[in-house]
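Below is one structure, written out as structure tokens; the observations come after it.
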Amino acid sequence: MKNRLLSDNREQLPLTFHSTENYEVVDESYSFGDYNLEIDGKVIFSFERKNPGDLASTIMGGHERFVNEINRAKEAGVPFVVVVECSYNDFINKKFPNGFRIKVQGYVLAKILHTMMLHYNIQFLFFNSREEMLDYIRNTFESIIKEYEKNKPKS
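With my numbering applied, the sequence shown covers 5 to 159.
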């Protein structure tokens with residue numbers, strides 16, 4: 005069975021992945037994550053992409069839907085990582101489009117972010133560009149596949 009990178013077809017500005025010898029890219033919605041790695045028919049790793057404005061509104065008030073998504077990944081035993089399209093400093097200093105509209109101080113954003121990270125056992129990774137984010141996700145998936153193949157029981 006071919007490995008698959010499931011790219012959520014509901015993404016408004018999706019990252020562009022291309023099929024490789026290690027996986028086939030499939031546009032398909034899933035119950036959690038925007039970019040999921042499926043090996044032998046089972047999703048084993050998930051990335052959720054957020055732009056900074058979306059992340060701010062999610063952690064400030066859209067908790068419920070996001071927490072439900074995190075919990076679905078957790079119930080499936082799948083690591084869930086949130087990748088953010090800006091630097092950490094730009095996020096907490098609200099230096100992104102419409103960041104000035106966010107009424108809370110930057111340290112409050114940081115506190116909520118870190119509390120969620122600890123409470124839900126997830127990671128938030130910040131990237132300076134979409135290209136950097138794309139490379140990170142692609143390299144992570146390639147490394148997971150390599151390790152899986154190396155440790156796969158011989159039949």
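Heads up, the beta-carbon is just placed ideally off N, CA and C, and yes, glycines get one too.
Select from the options the residue whose C-alpha is nearest the C-alpha of residue i.
{"i": "LEU10", "options": "ARG142, TYR124 and PHE100", "result": "ARG142"}
{"i": "LYS46", "options": "PHE21, GLU73, GLU52 and ALA77", "result": "ALA77"}
{"i": "PHE145", "options": "SER61, VAL85, SER33 and MET64", "result": "VAL85"}
{"i": "THR119", "options": "GLU135, VAL71, GLU79 and SER147", "result": "VAL71"}
{"i": "ILE126", "options": "LYS154, ILE106, GLY81 and LYS156", "result": "GLY81"}
{"i": "HIS123", "options": "VAL87, GLU135, ASN75 and ASP12", "result": "ASN75"}
{"i": "TYR152", "options": "ILE48, ARG69, PHE21 and PHE95", "result": "ILE48"}
{"i": "PRO83", "options": "ASN93, PHE51, VAL108 and ILE96", "result": "PHE51"}
Could you name the residues of the same chain whose beta carbon sits closer than 6 Å to that of residue i, not counting the 5 residues immediately before and after it, in chain order?
{"i": "CYS90", "result": "PRO56 and PHE100"}
{"i": "PHE131", "result": "MET137"}
{"i": "SER33", "result": "ASP12, ASN13 and ARG14"}
{"i": "GLU73", "result": "PHE36"}
With DSSP as the reference, label residue i as helix, strand or coil.
{"i": "VAL85", "result": "strand"}
{"i": "TYR39", "result": "strand"}
{"i": "ASP58", "result": "helix"}
{"i": "LEU17", "result": "coil"}
{"i": "PHE131", "result": "coil"}
{"i": "LYS98", "result": "coil"}
{"i": "LYS78", "result": "helix"}
{"i": "GLU25", "result": "coil"}
{"i": "ILE48", "result": "strand"}
Could you please give the first and the last residue of the uninterrupted beta strand (DSSP E) stretch that includes residue i?
{"i": "ASP139", "result": "Looking at the DSSP string, ASP139 is not in any beta strand (DSSP E); the run it does join, the alpha helix (DSSP H), is 134-155."}
{"i": "SER11", "result": "8-11"}
Taking residue i as part of the alpha helix (DSSP H), name the residues at either end of that continuous run.
{"i": "ARG112", "result": "The sequence shown places Val at residue 112, rather than the Arg named in the question. Residues 110-124."}
{"i": "GLU28", "result": "Careful: GLU28 lies outside any alpha helix (DSSP H), inside the beta strand (DSSP E) at 28-31."}
If you drop the 5 nearest sequence neighbours on each side, which residues of the same chain put their C-beta closer than 7 Å to that of residue i?
{"i": "LYS98", "result": "PHE104, ILE106 and GLY110"}
{"i": "ARG134", "result": "LEU19 and GLU89"}
Here's a check: name, in chain order, each residue in its chain whose Cβ is nearer than 8 Å to the Cβ of residue i, leaving out the five neighbours to either side.
{"i": "HIS22", "result": "VAL29"}
Inset, instruction - Please determine if the segment 26-44 and the segment 55-69 are in contact, where contact requires at least 3 C-beta pairs separated by less than 8 Å. - result: no
Legend entry - Given 8 Å, three or more beta-carbon pairs between the segment 59-73 and the segment 108-121: yes
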